[in-house]
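Read in order, the letters of the sequence shown correspond to residues 3 to 416 in the numbering used here. What follows is one structure encoded as structure tokens, with my remarks underneath.
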Amino acid sequence: VTLLLGMNNEAAGIVTGEEADSVFYGVVQTATRSLVEENGADVLQKVSVMCTDGIARTVNVDKSLNFPQGWLVEIKVTPEGESVEHIEDRRVNGTINANATALGAAALADDVEILDTTSEGVAGTVRPSRLSGVTLSDLDVRYYTVNDAGQIDRLILNDVTGDLWSYGVLDDVKNLAMNYSDLKSLVTSIAAGDSASGTTTTTGSTTGAAAGGTDGSGSTSDTTTVTGATAVDRLSNLLVPTTSEILWGIVSGDILSTAWQKLTSNTGSLMSIGFQQIAEITGTPFKQIFNYIGGGATYICYVNGAVASYTTAIKYPVLAGGIAVRQETTGSVKAMMQLMPLKIDKVGAASVLSGNERYEMADNVQVYLWYKGQYYPTKLAQVDADGYQLTGWYDNFGCAAGKKVRVIIAVKND
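Written as structure tokens, this is what we have:
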């Protein structure tokens with residue numbers, strides 16, 4: 003057994019002789035500084051790293067150095083102590099074969115360690131079979147190492163599985179529905195007296211998660227001519243009904259899957275309208291509009307069967323049904339995405355059929371019975387495609403090993 007010594011020879015941890023001369027690779031999750039007074043007042047910095055073997059290791063580091071969340075690092079452990087160094091990306095690409103024993107032409111070691119990560123430092127281990135048949139680009143792989151036999155024995159991925167997001171169903175959005183009537187009154191009063199032919203031409207560019215990019219952080223560029231008379235009409239088309247009304251439209255088939263992406267993009271368009279166009283209507287201060295539609299919202303959801311709420315500084319393009327939430331290690335929301343709906347015709351052991359297309363279910367797929375606007379967590383064995391209308395919700399925001407059904411909403415055929 004070896005006692006690890008960190009800054010000023012304080013004990014940092016204990017490792018077995020097996021780990022005493024080891025190297026670990028992983029992603030920084032937290033870095034904290036605290037006061038120590040054992041030998042006079044000083045500051046001690048500790049860095050927590052999630053390593054490829056699934057173990058989070060905490061290491062003492064130089065207090066003057068910065069270790070941002072999401073950084074790739076190498077931990078070297080010796081009988082004298084430990085050290086942590088930032089490492090640059092090391093890319094590789096190719097397709098994981100059906101047996102999950104090779105990445106392209108490179109063999110995977112039998113004991114290969116795979117870690118999926120986000121830029122925020124959230125991380126989780128991945129079994130090789132989870133990636134079977136998946137094609138990884140250079141951007142999907144952040145780092146890898148090889149053993150003496152030339153086999154890949156460690157693989158650090160860049161949000162490849164989508165499993166690091168939190169999934170659930172959207173129950174309500176506070177501060178969003180009320181904005182329509184308030185904003186309509188505001189814009190109507192602003193437009194009063196304006197000629198229907200009077201126009202204001204504005205040009206703007208918005209970046210941010212609410213702009214509806216594929217990762218929740220895309221951008222929108224717009225050049226639009228808006229009349230005072232048409233501003234309210236455009237907002238009426240963009241602002242949405244209640245989550246229950248939208249969800250029933252999907253379940254009943256009134257809102258088709260092919261139209262869903264266009265519908266969900268409207269929230270991003272709302273932000274564009276607010277920041278780029280309405281602010282330019284004669285006599286309207288920018289800050290007044292910002293107070294109406296530029297603020298945040300509280301999203302009430304069910305996640306893993308329990309009620310959860312997310313309060314954000316901006317609004318995200320989520321409207322109803324299944325949603326995905328990307329968080330930092332602190333729990334703060336980094337991005338929020340709408341899942342894509344599909345009508346489930348048949349349920350199998352690990353997949354569902356929608357028409358002739360098969361979709362794999364996530365290992366931890368969530369199932370909810372929906373009745374009179376209320377969600378009731380249940381189990382897949384308690385519902386079937388014959389007695390219930392089943393709507394699956396899958397992630398479709400670019401994860402190479404994603405596109406899994408994360409949520410199933412059941413409506414009983416009464």
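Beta carbons: idealized from backbone N, C-alpha and C, even for Gly.
Within the same chain, and ignoring the five residues on either side of W372 in sequence, the residues whose Cβ sits closer than 6 angstroms to its Cβ are I411, V413. Beta-bridge partners of Q340 (DSSP): I325. When rounded, the separation of the alpha-carbon atoms in D142 and A403 is 10 angstroms.
As computed with DSSP, Q153 is found in no beta bridge at all. Taking one beta carbon from each stretch, the region 154-163 and the region 341-360 have fewer than 3 pairs nearer than 8 angstroms; the two do not touch. If you draw a straight line from the Cα of T314 to the Cα of K336, it comes to about 9 angstroms.
Along the region 327-409, the beta strand (DSSP E) occurs as fully enclosed runs of 3 or more residues at 335-340, 342-346, 353-356, 359-373, 376-380, 390-396, listed in sequence order.
In the three-state reduction of the DSSP assignment, S246 falls in the helix class, which pools H, G and I. The C-alpha of G42 is placed about 42 angstroms away from the C-alpha of N160. Residue range 74-80 is occupied by the beta strand (DSSP E) that includes I77. Residue pairing of V143 in beta bridges, as defined by DSSP: L159.
When C-beta atoms of the region 127-136 are compared with those of the region 338-351, fewer than three pairs fall below 8 angstroms, so the two segments do not count as touching.
Under DSSP, R35 shares a beta bridge with Q47.
Bridge pairing for A412: L371, L392 [DSSP].
The closest CA to that of R93, considering only L138, Y301, D397, G298, is found on L138.
By the Cβ rule, the region 74-85 does not count as touching the region 100-107, because fewer than three pairs are nearer than 8 angstroms. Looking only at P343, G135, V320, G96, the smallest Cα-Cα distance to Q391 is reached by P343.
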